[in-house]
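Take a look at the structure below.
Chains as they are written, first to last, in our numbering: chain A, 15 to 273; chain B, 7 to 538.
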């Protein structure tokens, strides 16, 4: 048993593990970004959403409690009660203008550091993938490795900063993977950007920007695997013969439109 | 002007027609108003049927009762019909009927322009409905009609052209109507009606008209550019020619967001009349209410890009639009609290109009606060273009606009026809609609949070249970609509049974429409009223 054979065997085991996990993952549901967040940005986004939600809940409750209270308390009971005669109260009106204003300002300000991190936090990515929208499938290019896959699962390493550059060759598409907490449009003539650092797992998503007849068939599958399995997958992909072109051969778009 | 017009006798029309010809040639704001409302109801039925077809198709993850092509057309036309031909039209109808009455005028400032604005909607509607029958079918790019999908390369059929031209026509009609409203209210208020005595429904239409005049020309411009990209080979939005699809999104939403308020502010105005009348207590915080309307009407123009948080705009822009979008919840909150304070201490009469007004507060609070959540960018990124957004804007448009339109219909129908609508049937209409509405749209929040994308004709199987539940709620709303329509038909066939002030609201707030007969005579007031 030579070292090469051992290496090949290890590689085969790794790719088989990926396929097995994919087969398993395909049966699972789309991951809920709030209860099953699978990446650092998803977790941050979920935390920020809960924060805003907790501020909003009291306002819903106050309005509903008041509504139910007045409806019960001030209904016409037929006892000849006369309606009250007030129609102004400056301190009260001032309060219900200023207090909500302060609260929404707090909610907004609290969310901006999170937004900043989601936008600019993905420094030194270990992997860059170009995501190219087509009617009606996604193409993934790994420029570092010369890999180009279409209409297939996007495979990325876990616990590494993964950077996605998005564009489109035809109409606008929306790249949305709820479990990873990422969503951004892929526009023709423009380059948009996403990043994340994910936990291992299988993530489902879907195009969110109406892109034509088969918009609903434009699914996204992402498999996040441990780094060693990812390296093995890269090697296997590079060795594999280029797939025969499908009906629409993916063409390289001109990336670098104004951002 | 006041002394002059006070002695003016109603001019005699050159020729009198009766029956259908009378309706076809009328310039009477009341008849035009009623035609707007009937037209809106008809379109509401057609747009609602499309919604039923959508829900039928979505009952099963992969049914494909309708082909994906047809599904996209149904979805696009459902939105277009509901927004442009139902909600805007219905509010225009109430505005046409009530604004001159409420300010003590004999008609709109430009009666012929008024008639023209209405009749212009008919060819637009024919183009929209007719587009289903042209080669390639109706427009299928969603009511945003984003290029490049809506350019000739990806939507070659003439359905898209008909759609664009219909929107341009409807825009012209809206602009003419809006100018008419502004001139009417500015110039033709009864003597003594200073601005701070103008009823809130009239105020709401002043702000709405101002928004229409500012926003709709931008939409029309965007549509002309899209049309020229399609057929004159220009490249405003086409990347291959140096254009930019994002330009269209900015132009469209610069109209599209004020449009949301255009479709709700007149409803706010209606509720501000119904609540005092039914709680038998003067409206609380009139000045704050007027200020809130204007705040919404101004800030509403500064929030448009929150529809584009995931379109690749910069973080700095998202910070601004996030802040501005949240700010708009403050004046909206002022209105909600003022309505509750108006009820506080009153003696509530639970007429159908009041039930709808209170139901409106219930649903609108939810729709408004889910909108506040969507303004938080990290949350928006999670649920943008999912069913959460669908739930949000249906809570605002159905729970907001449609509920207020029901309320307004039950409140002013006696004024318009001299006949009361059955309160017994009204109770059924309210409860069926209220339950059906929440049944259908509440679970959509969950669908979005679980990650179901919007505008899809088929979906992943895990979303099936909620979708089936949602579809089962539709018959409730359908039944409410049937009873509502039958109730109106029955009332119109019945005898006159409503006096000048059927709700007895004159002792509470002296609004002029209740001082003239039901229905009001031609030219409204035999003698122009003066406000003390």
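In this text, a Cβ means the ideal position worked out from N, Cα and C, and glycines have one as well.
All figures in this text were calculated on a predicted structure; none of them were measured in a lab.
Exercise. Assign residue 235 of chain A to one of three DSSP states: helix, strand, or coil.
Key: Locating residue 235 of chain A in the first chain gives position 221, counting from the first residue. Strand at residue 235 of chain A.
Quiz prompt | Within-7 Å CB hit, residue 51 of chain A to chain B | solution = For this step, residue 51 of chain A is matched to residue 37 along the first chain. False, the Cβ-Cβ gap to chain B never drops below 7 Å.
Quiz item: For chain A, is any of its Cβ atoms less than 7 Å away from the one on residue 290 of chain B?
Solution: Residue 290 of chain B sits at position 284 when you count from the first residue of the second chain. With 7 Å as the cut-off, residue 290 of chain B counts as an interface residue toward chain A.
Quiz prompt | Neighbour flag for residue 80 of chain B against chain A, beta carbons, 7 Å | solution = For the purposes of this step, residue 80 of chain B is taken as residue 74 along the second chain, with counting starting at 1. For residue 80 of chain B, not one C-beta of chain A is nearer than 7 Å to its own C-beta.
Quiz prompt | Selected residue, minimal CA-CA separation from residue 116 of chain B, among B:38, B:296, B:444, B:129 | solution = Sequence index remark: in the second chain, residue 116 of chain B carries index 110 (1-based). The residue among B:38, B:296, B:444, B:129 with its C-alpha nearest the C-alpha of residue 116 of chain B is B:38.
Self-check item: CB contact below 7 Å: residue 37 of chain A versus chain B
Solution: As a working note, residue 37 of chain A is residue 23 in the first chain. Taking Cβ atoms only, chain B never reaches closer than 7 Å to residue 37 of chain A, which makes this a no.
Quiz item: If we ignore side chains and look at the alpha-carbon of each, how far apart do residue 205 of chain A and residue 466 of chain B end up?
Solution: As a position in the first chain, residue 205 of chain A is number 191, starting the count at 1. As a position in the second chain, residue 466 of chain B is number 460, starting the count at 1. Between residue 205 of chain A and residue 466 of chain B, the C-alpha separation is close to 29 Å.
Quiz item: Among all the DSSP beta bridges, which residues are the ones paired with residue 392 of chain B?
Solution: Here residue 392 of chain B refers to the residue found at position 386 of the second chain. Secondary-structure assignment with DSSP links residue 392 of chain B through a beta bridge to B:459.
Self-check item: Nearest to residue 248 of chain B (by Cα), restricted to the options B:235, B:300, B:255
Solution: One-based indexing of the second chain puts residue 248 of chain B at position 242. For the residues B:235, B:300, B:255, the minimum Cα distance to residue 248 of chain B belongs to B:235.
Quiz item: Do residue 141 of chain B and the ligand NAP come close, with the Cβ less than 6 Å from some heavy atom?
Solution: With respect to small molecules bound, the structure shown includes none, and the ligand NAP cannot be examined in it.
Quiz prompt | One or two residues paired with residue 187 of chain A in a DSSP bridge | solution = As a working mapping, residue 187 of chain A is identified with position 173 in the first chain. The secondary-structure analysis by DSSP pairs residue 187 of chain A across a beta bridge with A:200.
Quiz item: In its own chain, which residues sit with a C-beta less than 6 Å from the C-beta of residue 257 of chain B, not counting the 5 before and 5 after it?
Solution: Sequence index remark: in the second chain, residue 257 of chain B carries index 251 (1-based). Excluding residues within five positions, the ones whose Cβ falls inside 6 Å are 224, 228.
Self-check item: C-alpha distance - residue 352 of chain B paired with residue 508 of chain B, whole-angstrom precision
Solution: To locate residue 352 of chain B, count along the second chain from 1; it is residue 346. To locate residue 508 of chain B, count along the second chain from 1; it is residue 502. Their Cα atoms are separated by approximately 19 Å.
Practice problem: Give the residues of chain B in contact with residue 58 of chain A, contact being defined as C-beta atoms less than 8 Å apart. | Solution: The count along the first chain starts at 1 and reaches residue 58 of chain A at position 44. Chain-ordered, the chain B residues with CB closer than 8 Å to the CB of residue 58 of chain A read 384.
Self-check item: Residue span of the alpha helix (DSSP H) that contains residue 171 of chain A, given as start and end
Solution: Against the first chain, residue 171 of chain A aligns to sequence position 157. Run containing residue 171 of chain A: none in the alpha helix (DSSP H); it sits in the beta strand (DSSP E), 168–171.
Self-check item: Simplified DSSP assignment, three categories, for residue 248 of chain B
Solution: What you label residue 248 of chain B is simply residue 242 of the second chain in a count that begins at 1. Residue 248 of chain B: coil per DSSP, three-state reduction.
Quiz prompt | Distance, residue 381 of chain B Cα to residue 118 of chain A Cα | solution = Counting from 1 along the first chain, the entry for residue 118 of chain A is found at position 104. Counting from 1 along the second chain, the entry for residue 381 of chain B is found at position 375. Computed Cα separation, rounded: 10 Å.
Quiz prompt | Residue burial classification, residue 280 of chain B (beta-carbon count within 10 angstroms, cutoff 16) | solution = As a working note, residue 280 of chain B is residue 274 in the second chain. Burial is judged here by how many other beta carbons sit within 10 angstroms of a residue's own beta carbon; residue 280 of chain B has at least 16 and is buried.
Practice problem: Please check if any C-beta of chain A sits within less than 7 Å of the C-beta of residue 169 of chain B. | Solution: Within the second chain, residue 169 of chain B is the residue found at index 163, counting from 1. Closer than 7 Å: no.
Quiz prompt | Residues, ordered as in the chain, of the region 99–116 of chain A that lie near chain B by beta-carbon distance below 8 Å | solution = So the list reads 99, 100, 101, 102, 103, 106, 107, 110, 111, 114, 115, given in the order they occur along the chain.
Exercise. Look up residue 427 of chain B in the DSSP assignment and say whether it is helix, strand or coil.
Key: Within the second chain, residue 427 of chain B is the residue found at index 421, counting from 1. Three-state result, residue 427 of chain B: coil.
Quiz item: Closest Cβ-Cβ distance between residue 343 of chain B and chain A: below 7 Å?
Solution: Numbered from its first residue, the second chain carries residue 343 of chain B at position 337. By this cut-off, residue 343 of chain B is an interface position.
Quiz prompt | Which of helix, strand or coil DSSP assigns to residue 181 of chain A | solution = Numbered from 1 along the first chain, position 167 holds the residue referred to as residue 181 of chain A. Note: residue 181 of chain A maps to strand in three-state DSSP.
Quiz item: The alpha helix (DSSP H) spanning residue 167 of chain B covers which residue range?
Solution: Stepping through the second chain from its first residue, residue 167 of chain B is reached at position 161. Segment 164–193, the alpha helix (DSSP H) holding residue 167 of chain B.
Quiz prompt | Within-7 Å CB hit, residue 203 of chain A to chain B | solution = Indexing the first chain from 1 puts residue 203 of chain A at position 189. Yes, because at least one Cβ of chain B sits closer than 7 Å to the Cβ of residue 203 of chain A.
Exercise. Output, in chain order, the set of chain B residues within a Cβ distance shorter than 9 Å of residue 132 of chain A.
Key: In the first chain, residue 132 of chain A corresponds to position 118, counting from 1. Ordered by position in chain B, the residues that pass the 9 Å Cβ test against residue 132 of chain A are 321, 383, 384, 387.
Quiz item: Just by C-beta distance, which residues in the region 387–407 of chain B are closer than 9 Å to chain A?
Solution: Taken in chain order, the members of the region 387–407 of chain B whose beta-carbon sits within less than 9 Å of a beta-carbon on chain A are 387, 388, 389, 390, 391, 392.
Quiz item: Whose C-beta lies closer than 6 Å to the C-beta of residue 48 of chain A among residues of the same chain, with five residues either side of it excluded?
Solution: Residue 48 of chain A sits at position 34 when you count from the first residue of the first chain. Setting aside the 5 residues that flank it on each side, residue 48 of chain A is surrounded in the same chain by 60, each with a C-beta closer than 6 Å to its C-beta; the list follows chain order.
Self-check item: Reference residue 383 of chain B, options A:111, A:183, A:126, closest by Cα
Solution: In the second chain, the residue the question calls residue 383 of chain B occupies position 377. Among A:111, A:183, A:126, the Cα nearest to that of residue 383 of chain B belongs to A:126.
Practice problem: Run the CB neighbour count on residue 513 of chain B, radius 10 Å, all protein chains shown included, and call it buried at 16 or more, exposed below. | Solution: Residue mapping note: residue 513 of chain B aligns to position 507 of the second chain, counting from 1. Only exposed fits residue 513 of chain B, as fewer than 16 other CB atoms lie within 10 angstroms of its CB.
Quiz prompt | Test item: CB-CB of residue 142 of chain B and residue 107 of chain A under 7 Å | solution = Along the second chain, one-based indexing puts residue 142 of chain B at 136. Along the first chain, one-based indexing puts residue 107 of chain A at 93. Contact flag unset, no.
Self-check item: Length at least 3, wholly inside the region 113–165 of chain A: the beta strand (DSSP E) runs in chain order
Solution: Listed in chain order, the complete beta strand (DSSP E) runs (minimum 3 residues) inside the region 113–165 of chain A are 141–148, 151–156, 161–164.
Quiz item: DSSP state of residue 268 of chain A, grouped into three classes?
Solution: Reading the first chain from its first residue, position 254 is the one you call residue 268 of chain A. For residue 268 of chain A, the pLDDT reaches just 37, beneath the cut-off of 50, and the residue's location in the model is therefore unreliable, although a value from the coordinates is still provided. If DSSP states are grouped into helix, strand and coil, residue 268 of chain A belongs with coil.
Self-check item: Chain-ordered chain A contacts of residue 152 of chain B [CB-CB under 9 Å]
Solution: Taking the first residue of the second chain as 1, we reach residue 152 of chain B at position 146. What residue 152 of chain B touches in chain A: 185, 186, 223, 224.
Exercise. Please report how far the alpha carbon of residue 536 of chain B lies from the alpha carbon of residue 105 of chain A, in whole angstroms.
Key: Locating residue 536 of chain B in the second chain gives position 530, counting from the first residue. Locating residue 105 of chain A in the first chain gives position 91, counting from the first residue. As the crow flies, the alpha-carbon of residue 536 of chain B is around 34 Å from that of residue 105 of chain A.
Quiz item: Got a sec: which bits of the region 229–251 of chain A sit with their beta carbon under 7 Å from any beta carbon on chain B, in order along the chain?
Solution: So the close ones are 229, 230.
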